[in-house]
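**Student:**
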Amino acid sequence: MGTSALSNQGKAAKRFDFVIKTDEMIYAIETNFYASGGSKLNETARSYKMLSQEADTIDGFTFVWFTDGIGWKSARGNLRETFEVLDTMYSIDDMENGVIKRKLV
Numbered sequence: 000m001g002t003s004a005l006s007n008q009g010k011a012a013k014r015f016d017f018v019i020k021t022d023e024m025i026y027a028i029e030t031n032f033y034a035s036g037g038s039k040l041n042e043t044a045r046s047y048k049m050l051s052q053e054a055d056t057i058d059g060f061t062f063v064w065f066t067d068g069i070g071w072k073s074a075r076g077n078l079r080e081t082f083e084v085l086d087t088m089y090s091i092d093d094m095e096n097g098v099i100k101r102k103l104v
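With numbering that gives the first Met the number 0, letter number 47 in the sequence shown gets 46, and the count goes up by one each step, no holes.
Here it is as structure tokens:
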């Protein structure tokens, strides 16, 4: 099996929370909710921004992030930076309003 941008340089493979596979696309999904702020949010936003950019180089693969919570209020700058490059970033409200059926499957 060949390596991809997500191969993590031979380290432990990235395990996503969920995967949706359609005839045209594999959607790798991460989910989280932050009830409070802290450095973890900034690191997560930076990490997922990089993951999104790497995923964009793989045909037939899309990274999707569902995140929410009041904790993002203190880290909105980093969240905004990720949102600007990740067009498959959604909130709980998006999910409850059918974004998976509308946009992914």
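We treat Cβ as the ideally placed atom computed from N, Cα and C, and that holds for glycine.
With DSSP as the reference, label Ala12 as helix, strand or coil.
**Tutor:** Ala12 falls in the coil class under three-state DSSP.
**Student:** Which residues in the same chain as Ala54 place their Cβ atom closer than 6 Å to its Cβ, once the five residues preceding and following it in sequence are excluded?
**Tutor:** Only Phe60, Phe62 meet the Cβ criterion.
**Student:** Looking at Lys48: is its Cβ nearer than 8 Å to the Cβ of Val98?
**Tutor:** Contact: no.
**Student:** Decide if Glu29 is buried, meaning its Cβ has at least 16 other Cβ atoms within 10 Å, or exposed.
**Tutor:** The residue is buried, with at least 16 neighbouring Cβ atoms inside 10 Å.
**Student:** DSSP has Met24 in a bridge; who is on the other side?
**Tutor:** In the DSSP output, where bridge partners are listed per residue, Met24 has none listed.
**Student:** Starting from Asn31, follow its DSSP beta bridges and name the residues at the other end.
**Tutor:** Note: Asn31 sits in a beta bridge opposite Thr66.
**Student:** Can you give me the C-alpha to C-alpha distance between Ile19 and Ile25, rounded to a whole angstrom?
**Tutor:** When rounded, the distance between both Cα atoms is 6 Å.
**Student:** Since Ser46 and Asp67 should fall inside the 8 Å C-beta cutoff, what is the C-beta to C-beta distance between them, to a whole number of angstroms?
**Tutor:** So it is not a contact: roughly 17 Å between Cβ atoms.
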